[in-house]
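A.B. asks:
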Ligand SMILES: [Zn+2]
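In the working numbering, the protein residues as written are 2 to 82.
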């Protein structure tokens, strides 16, 4: 048995496409975080269990976003829809 390791997560910038402009979100694995047009900090994910999909709705302004996956189900981009 090995001891427990403490991994530094690898954050990366991914494209964020609002309806009106482009920006960047921060992603780690299946997860992404970004600032809504209204200023609210949001989170989302590119993968949901059993093949279902999911989206994020801003609790402040009701804008909706989807975190799209790449071929490995990791967060690829975030699109307002
Ligand atoms: Zn908002």
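Every residue gets a Cβ at the ideal spot worked out from N, C-alpha and C, and that includes glycine.
Treat the numbers as computed from the prediction; the structure is a model and nothing was measured.
1. By Cβ distance below 6 angstroms, which residues in the same chain neighbour residue 28 in space, the five residues on each side in sequence not counted?
2. In this structure, what does DSSP give as the bridge partners for residue 3?
3. Going by beta carbon distance, what residues of the same chain come within less than 6 angstroms of residue 18, once the five residues before and after it are set aside?
4. Quick check: residue 56 and residue 64, are their CB atoms within less than 8 angstroms of each other?
5. For residue 33, collect the residues of the same chain with a Cβ closer than 8 angstroms to its Cβ; drop the 5 residues on either side in sequence, then sort them by chain order.
C.D. replies: For this structure:
1. On the chain shown, residue 28 is found 27 positions in, with the first residue counted as 1. Once the five neighbours on either side are set aside, the close Cβ partners of residue 28 are 13, 15, 76.
2. By one-based count along the chain shown, residue 3 stands at place 2. Note: residue 3 sits in no beta bridge, so no partner.
3. Looking up residue 18 in the chain shown gives position 17. Answer for residue 18: 80, listed in chain order.
4. Residue 56 sits at position 55 when you count from the first residue of the chain shown. Residue 64 sits at position 63 when you count from the first residue of the chain shown. The Cβ-Cβ distance between residue 56 and residue 64 does not fall below 8 angstroms.
5. On the chain shown, position 32 is the one that residue 33 refers to. The residues are 15, 26, 27, 44, 45, 46, 47, 68, 76, 79.
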